[in-house]
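All residue numbers for the sequence shown refer to our numbering, where the first residue is 14 and numbers rise by one.
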Amino acid sequence: MDFYGVQGHHVLKAIVALLGFSLLVFFVKLYRIRSKMMGLPGPPYHPIFGHIPVAIKMAQSLPQDVHPHHFWYWLRNEYNLGSFFYFDVWPMGPPTLIICDAEIADQVTVKNSLDKHPMVKEYLKQHLGLDNMAAANGTVWRKARTVYNPGFAMSHLMTVIASIVDDMETFNEILGEHADNDQPLELEAVAMKLSFDVIGRLVLDTSLNSQRTSDELVDAFRRQLQYLSSANTWSSPFVGLNPIRNRAIAKNSAVIDKCLGAILDSRYAASAEKQTKRKRSMLDVAFKTYNDEYKLDNSAGMDASFRQMTIDQIRTFVFAGHDTISTTIAMLFYFLHHNPSVRDSLIAELNAVFPATSSNPSTSAATAAKIRADPYVLNALPYTTATIKETLRLFPPANTVRVGTPDSFITDPATNTQYPTHDWVVWPDSYVIGRDEQYYPEPLRFAPERWLPASEASRVQSDGSPWPIPPAGAFRAFERGPRNCIGAEFGMLEVKVVAAMCVREYEFVPGFKEGDACVDGEPCYQMLFGSAKPKGSVPGKMVRVKKG
Ligand code: HEM
């Protein structure tokens with residue numbers, strides 16, 4: 014048989030040769046990867062299949078939808094692994110070095126901050142653009158961080174708090190409607206709309222009002238987020254090839270660009286005038302830093318590459334900020350339900366700082382008034398801060414993934430031996446470190462007292478001895494070093510406002526059922542959905558707290 018004049022047996026030979034070559038490349042790579050693992054610490058290793066047999070056992074022991082945080086915790090416990098270990102399931106996933114020790118984690122993030130792994134850019138580029146701060150490295154990252162750092166400074170955040178309190182009042186009302194109608198809710202999903210509104214205030218100085226209405230920009234963002242869950246290397250490496258999915262992402266992206274571009278252009282034109290006013294949006298702050306740095310004059314119009322970079326960064330702030338905060342809010346309510354004595358202590362602090370008054374008999378109204386008058390009061394809530402930190406310790410919603418290099422090694426502090434990072438995805442794991450008994454006695458106990466200042470008398474364990482002070486590197490919910498979370502202070506402030514305005518008026522009753530899948534006995538485990546999200550978005554009911 015002829016194919017366009019080429020004889021059939023030639024075609025067959027070409028196919029066989031191609032297949033043979035591909036197999037050769039595959040086996041050479043397999044050999045190279047497997048031989049790198051020899052002598053490195055990790056679970057039981059098969060010279061051909063690597064850790065795939067272990068991964069199969071792990072998959073049988075955990076629900077299918079778990080976040081990789083649970084993989085690393087399970088492996089460490091199951092095989093009694095130490096402060097770090099290597100895990101190689103290639104070609105099912107990239108060979109990974111998991112760090113479970115505070116000091117070693119600091120070696121790759123603080124002392125020598127390794128670049129973000131290219132797979133982060135690969136994963137995020139369709140959603141956030143190529144220059145997004147979360148995935149960029151080198152000068153692109155440095156420029157973005159320099160432009161936006163002033164917008165996240167505490168002095169600037171405090172100018173935004175009053176408008177955020179408006180959104181919080183809406184959130185409080187919505188919780189009340191759910192309680193009064195006895196309606197089940199997914200708490201994280203309800204809190205996510207609040208997060209969109211709050212980020213809109215911070216970044217765009219706009220009321221998106223997505224808690225009550227639909228908005229073209231927010232709707233496009235929300236549609237876009239649906240495509241995140243399947244886009245992870247572990248579940249399906251082929252998902253990025255789906256043309257229907259890619260078209261939908263491109264369409265949403267165009268809507269987001271259009272909406273943000275319109276806001277940007279009008280703000281840029283008005284920014285010169287706004288710089289004289291006290292309250293400025295993050296965009297105004299960014300424009301000023303940019304203009305100062307490049308000695309530009311607004312009237313010349315915005316440089317096209319700066320415009321695209323700005324759109325990418327705003328997308329990044331929405332992406333990085335919306336669900337990390339909503340997860341933290343939902344998990345705070347969840348942990349408070351299971352720890353009534355913590356709830357009592359939290360309420361005691363809030364009552365002392367934000368008492369109801371004759372002019373504002375409801376605690377939320379009194380709190381809103383006090384925060385509007387003096388936003389810095391939010392920095393004087395040690396127990397509330399401790400409760401949020403404890404929530405983040407047990408349920409860190411995000412993590413970093415770095416790339417190893419030929420000249421960077423980790424050093425085991427116990428032996429002073431160096432181990433390679435080159436060709437490994439480097440994953441310092443905040444979840445495993447946050448549950449390590451050497452830093453946190455009774456690690457599974459929700460005990461905010463461990464975060465209180467050393468001078469606080471209540472900073473004691475059940476046996477009366479003081480909680481040990483964990484090393485700084487053991488709390489990594491916002492990561493550490495130059496690539497730490499730019500929105501950490503803002504995230505803490507927002508959750509504090511929720512706690513102050515809502516916890517005394519509503520209690521959340523989780524709705525997990527007998528027989529629901531659990532991880533370590535916990536039905537509300539972490540799932541992979543962009544970030545580490547709580548199972549089922551934390552289903553349950555809101556109940557009004559009885560007065561008196
Ligand atoms: C409770 C809330 C939050 C948590 C737990 C959290 C956690 C984190 C973590 C762990 C990282 C490191 C990620 C990595 O290395 O890939 C990170 C980075 C980042 N976060 Fe947050 N975040 C929170 C809120 C926010 C908010 C509100 C914003 C913005 C409005 C934000 C913006 C960012 C950005 C832009 C980065 C990348 C920074 C860089 O690489 O220089 N985050 N966050």
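Don't be surprised by glycine CBs; every beta carbon is placed ideally from N, CA and C.
All values derive from a computational prediction rather than experimental measurement.
Would you say the beta carbon of residue i comes nearer than 6 Å to a heavy atom of ligand 1?
i	result
M146	yes
T329	yes
T400	no
R214	no
F348	no
T341	yes
G477	no
I111	no
E520	no
P563	Shown here, the chain extends from 14 to 561; a query on residue 563 therefore has no answer.
E502	no
Y158	Note that residue 158 corresponds to Arg in the displayed sequence, not to Tyr. Yes, the Cβ of R158 comes within 6 Å of a heavy atom of ligand 1.
I269	no
F496	Residue identity differs from the one stated: residue 496 is Arg in this sequence, not Phe. Indeed, a heavy atom of ligand 1 lies less than 6 Å from the Cβ.
E201	no
F332	no
F491	yes
I338	yes
T122	no
T323	no
T413	yes
I276	no
I177	no
I499	yes
Under 7 Å between the Cβ atoms of residue i and residue j?
i	j	result
A233	I269	yes
V551	A343	yes
R356	L349	yes
I276	L221	no
R463	L363	no
M171	P388	yes
G447	R406	yes
L394	L506	no
C113	V522	no
M555	K548	no
A192	R385	no
V211	I177	yes
C515	Y347	no
A147	A333	yes
V438	P107	yes
F367	A513	yes
G524	G553	yes
W440	T109	yes
K206	T340	no
Y303	V153	no
V532	H130	no
What residues match up with residue i in a beta bridge as DSSP calls it?
i	result
G63	H59
W437	In DSSP, W437 forms no bridge with anything.
F521	M555
V532	E535
Y432	I423
T109	F100 and V438
P547	Q539
L198	G553
K129	R415
V473	P479
V79	M540
Can you check whether the C-beta of residue i is within less than 7 Å of a C-beta belonging to chain D?
i	result
I46	Of the chains in the structure shown, none is chain D; there is only one protein chain.
Three or more C-beta pairs under 8 Å: does that hold for the stretch 471-488 against the stretch 451-460? Judged by Cβ distances under 8 Å, the stretch 471-488 makes contact with the stretch 451-460, as three or more pairs qualify.
At a cut of 8 Å, does the stretch 23-36 reach the stretch 75-94 through at least three beta carbon pairs? no
Determine, using beta-carbon pairs with one atom in the stretch 370-379 and one in the stretch 405-420, whether at least three such pairs fall under 8 Å. The answer is no - the stretch 405-420 does not touch the stretch 370-379, with fewer than three Cβ pairs under 8 Å.
Given 8 Å as the limit, is there contact between the stretch 42-58 and the stretch 92-105, that is, 3 or more CB pairs closer than that? yes
For the pair the stretch 477-489 and the stretch 114-134, tell me if three or more CB-CB distances fall below 8 Å. yes
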